[in-house]
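**Student:** Numbered according to the UniProt record's numbering, the sequence shown spans residues 1 to 641.
Virtual Cβ for every residue (Gly too), placed ideally from N, Cα, C.
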Amino acid sequence: MSYPYQLKTFEEYKEAYQKSVDDPEGFWGDIAQHFYWRQPWNKVLNWNFTEPKAEWFAGGKLNITENCIDRHLETMGEQPAIIWEPNNPEDRVRVVTYNRLHKRVCQFAQVLKNNGVKKGDRVCIYMGMVPELAYAVLGCARIGAIHSVVFGGFSAQSIANRLEDAQAQYIVTADGAYRGDKVIPLKDVVDDALIGNKTVKKIIVYTRTRLPVSMLKGRDVWWEDEMEYAETQVEKEGVVSCPAEVMDAEDPLFILYTSGSTGKPKGVVHTCGGYMVYTAYTFVNVFQYQPGQIYFCTADIGWITGHSYILYGPLSVGATSLMFEGVPTWPDAGRFWDIVDKFKVNILYTAPTAIRSLMGFGLQPFDGKDLSSLKVLGTVGEPINEEAWHWYDEHVGKKRCPIVDTWWQTETAGIMISNLAGVTPSKPTFATLPLPGVQPVLVDENGNEVEGNNVSGNLCIKAPWPGILRTTYGDHERCRLNYFSTYPNLYFTGDGALRDETGFYRITGRVDDVLNVSGHRIGTAEVENAINMHAGVVESAVVGYPHTIKGQGIYAYVIFSGGSHDLELSKKDITATVSRIIGPIAKPDKIQFVKGLPKTRSGKIMRRILRKIAEGDLQNVGDITTLLDPAVVEDIKNGRL
Ligand code: PRX
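(1) Taking 6 Å as the limit between beta carbons, can you name the residues of its chain near M1, skipping five residues before and five after?
(2) Classify V130 as helix, strand or coil using the three-state DSSP reduction.
(3) Could you have a look at W465 and say whether DSSP puts it in helix, strand or coil?
(4) Under a Cβ-count criterion, where at least 16 other Cβ atoms within 10 Å of its own Cβ denotes burial, should N419 be classed as buried or exposed?
(5) For the ligand PRX, is there any heavy atom lying closer than 8 Å to the beta carbon of K265?
(6) Judging by CA-CA distance, which residue of R162, I64, K103 and E226 is the nearest neighbour of R142?
(7) Counting Cβ pairs, one atom from each stretch, are 3 or more of them under 8 Å apart for the stretch 152-168 and the stretch 329-342?
(8) Which of helix, strand or coil does DSSP assign to F283?
(9) Look at the alpha carbon of E451 and the alpha carbon of K14, and state the distance between them as a whole number of angstroms.
(10) Considering only C-alpha positions, which residue in the set C124, Y170 and I146 is nearest to S158?
(11) By the three-class DSSP mapping on this structure, what secondary structure does H102 have?
(12) Please check the pair E382 and G551, which I expect to be a contact at CB under 8 Å, by giving their CB distance rounded to whole angstroms.
(13) Let me know if A214 comes out buried or exposed under the rule of 16 or more other beta-carbons within 10 Å of its beta-carbon.
(14) Go ahead and label E132 buried or exposed: buried means 16 or more other beta carbons lie within 10 angstroms of its beta carbon, across all protein chains shown.
(15) Under a Cβ-count criterion, where at least 16 other Cβ atoms within 10 Å of its own Cβ denotes burial, should L194 be classed as buried or exposed?
(16) Give me every residue whose Cβ sits closer than 7 Å to any heavy atom of the ligand PRX, in chain order.
(17) Go to R71, then tell me how far its alpha helix (DSSP H) extends in each direction, as first and last residue.
(18) Name the residue from K398, T282, G603 and P86 whose alpha carbon lies nearest to the alpha carbon of residue 702.
(19) Any chance you could list the beta strand (DSSP E) runs of at least 3 consecutive residues sitting entirely within the UniProt domain "AMP-binding enzyme C-terminal" (526-604), in chain order?
(20) Is there contact here, the stretch 461-471 with the stretch 402-416, by at least three beta-carbon pairs under 8 Å?
(21) Output yes or no for whether 9 Å exceeds the beta carbon distance between H307 and V172.
(22) Round the Cβ separation of L186 and G196 to the nearest angstrom and send it over; I've been treating them as touching at under 8 Å.
(23) Report all residues from its chain with a CB closer than 6 Å to the CB of K201; omit the five preceding and five following residues, and keep chain order.
(24) Does DSSP put K236 in a helix, in a strand, or in coil?
(25) Could you give the distance in angstroms between the alpha-carbon of residue 644 and the alpha-carbon of Y275?
(26) In or out: H534 buried (at least 16 other Cβ within 10 Å) or exposed?
(27) Taking C-alpha atoms, which residue in E74, G447, E226 and T472 lies nearest to I203?
(28) In its own chain, which residues sit with a C-beta less than 6 Å from the C-beta of D513, not counting the 5 before and 5 after it?
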């Protein structure tokens, strides 16, 4: 496969960028030609940011799985689509060729149909990183069911909320999942999530760990039995291997829940046509992927990075995507390097938090590992600090691999600001320049655009790109309020950024009440709600603080009425409560019991002060005269109860 839209020089980038701004419809229309459409579109783009509305390739018909699988079969059927490295390095590697992927995806799509799943139905997927997860996701897309993958680190309660919000009727899960030395009882968690649930009709359970699980008659079926039946159907009943449902470009492809600054997580909705074009275009350009290369993204498919850059982006262009079941530090901290060596990985895409955690193990884990196959390195998920950038460059890339620092979000579907590997200039800790089609602007607190260079502000985007979120599931007004109402006619990212003297962007982090803990997005309000569910908690306030490995840690100030119980034990109970309500990823790193919280006369918590104290910057808490009771600040600083 060749990529006529792959930009090869800085000049070509500048030209493409200019064209994308001058004539977005012409620009994206040209790129979209390189995909397989059942019917061409009538109009490349209709949009406004007031409703908001973004309609890409209206009237176009396609199925994303025909682009990700079928169209590669003739020339690349026997090439690996997915190479799977199991959690335990002693276990068997699985190589899924495009032919095999086609067979399994069609087979599973048939299983979904046999179990009553129809176009537009929501299917929740809660699995570990096994090839069957890819089959499940793509099987949904094949028949036009809307998948909603939930990361394995979320609790039963979080799954329950998502099932309820999406009104999902089907779940695909596994008995358990392996992650390092842990076994996660996925089906048990799903069972807990279903207490009181009235919508779910069927659960398809894949066998991975052989943990004993409860299987309810009429509701729970085994993956293996269903797959076997679907296979015999092909032979006995002459059912043709599941044809792809013809979808409108703007039909929903998936929902992915993500945290915001208020309330419950939102179901970000992406649609078929624009999502496909945008993930493919950005994949090919940012990583400069060449046919035949082995590409390894270490994310989990439960997050947007896994959706866009393990599955859809790479597969849509016929790449070989390596999928890893385990964790970077098991059986030891050399695991990534073993994998790079074992499969001769060419492109490695990971998160700053993983780099920082591996830095802590020194250089011994590199001993005897040949990393010479690497050509491009990437990072995503959070700002990368200078030290981690250089360590990655020196010890992993041996100073000969460009590093792409890719800034984007669940809502953007694909990479928005990043250098293109070896094509556009890079600068440590800077995401640098926008992708063609992306028009970033910085605005001040009054919503005025900050022009020129050497400036900073809140990062907004001026016009739609094909991967922009279309809505938040079931509540379009929430989408408008969250992203399009802060600044009129702009998409507001929630991030702050600076633009240096050459126009390069550096993302400085969230400016709203969203934390980024180990690259995972967590809303402070969500954590507070979970803490407040503990019987002894009166009130709480959560802020982030700098954490050497996680980027940000979670600091919780809690007013506790639990009397004279063992306070340390109570802190553990609160942690357990958060883990139960949201999941282990949201556990506070530090809990401080306090007498009161710094509130203004109107009752608003002054988080700025709490952030300073959490950072240990006790001298610079700033003006506290507007507080209802300024004395609480001294009490908190001194740890007085
Ligand atoms: O704050 C930004 C940070 O991650 C947020 C998006 O999180 P999520 O939707 O979970 O998607 C993560 C994977 C795309 C952003 O608002 N972020 C992401 N990439 C970077 C980043 N911050 C700085 N530099 C990055 N490269």
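**Tutor:** Taking the structure as given:
(1) Start at 1 with the first residue of the sequence shown, and residue 1 comes out as number 1. Same-chain partners within the cutoff: P291 and G318.
(2) Against the sequence shown, residue 130 aligns to sequence position 130. Here V130 sits in coil by DSSP.
(3) Here the question's residue 465 lines up with position 465 in the sequence shown. Note: W465 maps to coil in three-state DSSP.
(4) Working through the sequence shown from its first residue, we reach residue 419 at position 419. Classification for N419: buried.
(5) Counting from one through the sequence shown, the residue named residue 265 turns up at place 265. It is Pro, not Lys, that sits at residue 265 in the sequence shown. P265: no, Cβ never under 8 Å from the ligand PRX.
(6) Indexing the sequence shown from 1 puts residue 142 at position 142. Residue I64 is the option with its Cα nearest to R142.
(7) no
(8) Numbered from 1 along the sequence shown, position 283 holds the residue referred to as residue 283. Three-state DSSP puts F283 in a helix.
(9) Translated into the one-based positions of the sequence shown, residue 451 becomes position 451. Translated into the one-based positions of the sequence shown, residue 14 becomes position 14. About 20 Å.
(10) The count along the sequence shown starts at 1 and reaches residue 158 at position 158. Cα-wise, what sits closest to S158 is C124.
(11) In the sequence shown, the residue the question calls residue 102 occupies position 102. Three-state result, H102: helix.
(12) Indexing the sequence shown from 1 puts residue 382 at position 382. Indexing the sequence shown from 1 puts residue 551 at position 551. Sure, about 5 Å apart at Cβ, within 8 Å.
(13) Locating residue 214 in the sequence shown gives position 214, where the first residue counts as 1. Looking at the sequence provided, one finds Ser at residue 214 rather than Ala. The residue is exposed, with fewer than 16 neighbouring Cβ atoms inside 10 Å.
(14) Against the sequence shown, residue 132 aligns to sequence position 132. Classification of E132: buried, given that the 10 Å Cβ count is 16 or more.
(15) On the sequence shown, position 194 is the one that residue 194 refers to. Classification of L194: buried, given that the 10 Å Cβ count is 16 or more.
(16) T258, W303, I304, T305, T379, V380, G381, E382, P383, I384, D405, T406, W407, W408, Q409, T410, E411, A431, T493, G494, D495, I507, G509, R510, N516, G519, H520 and R521
(17) Locating residue 71 in the sequence shown gives position 71, counting from the first residue. First-last of the alpha helix (DSSP H) with R71: R71 to M76.
(18) Look at the range of the chain in this structure, 1 to 641, and you will see that residue 702 is not part of it.
(19) 537-547, 551-560 and 590-593
(20) yes
(21) Position 307 of the sequence shown, counting from 1, holds the residue named residue 307. Position 172 of the sequence shown, counting from 1, holds the residue named residue 172. Cβ atoms of H307 and V172: not closer than 9 Å.
(22) As a working note, residue 186 is residue 186 in the sequence shown. As a working note, residue 196 is residue 196 in the sequence shown. Contact flag wrong, Cβ pair sits at about 19 Å.
(23) Counted from its first residue, the sequence shown places residue 201 at position 201. Around K201: Q169.
(24) Taking the first residue of the sequence shown as 1, we reach residue 236 at position 236. It is helical.
(25) Shown here, the chain extends from 1 to 641; a query on residue 644 therefore has no answer.
(26) What you label residue 534 is simply residue 534 of the sequence shown in a count that begins at 1. Under this definition H534 is a buried residue.
(27) Counting from one through the sequence shown, the residue named residue 203 turns up at place 203. Closest option to I203, Cα to Cα, is E226.
(28) Here residue 513 refers to the residue found at position 513 when the sequence shown is read from its first residue. So the list reads S261 and T524, once near-sequence residues are dropped.
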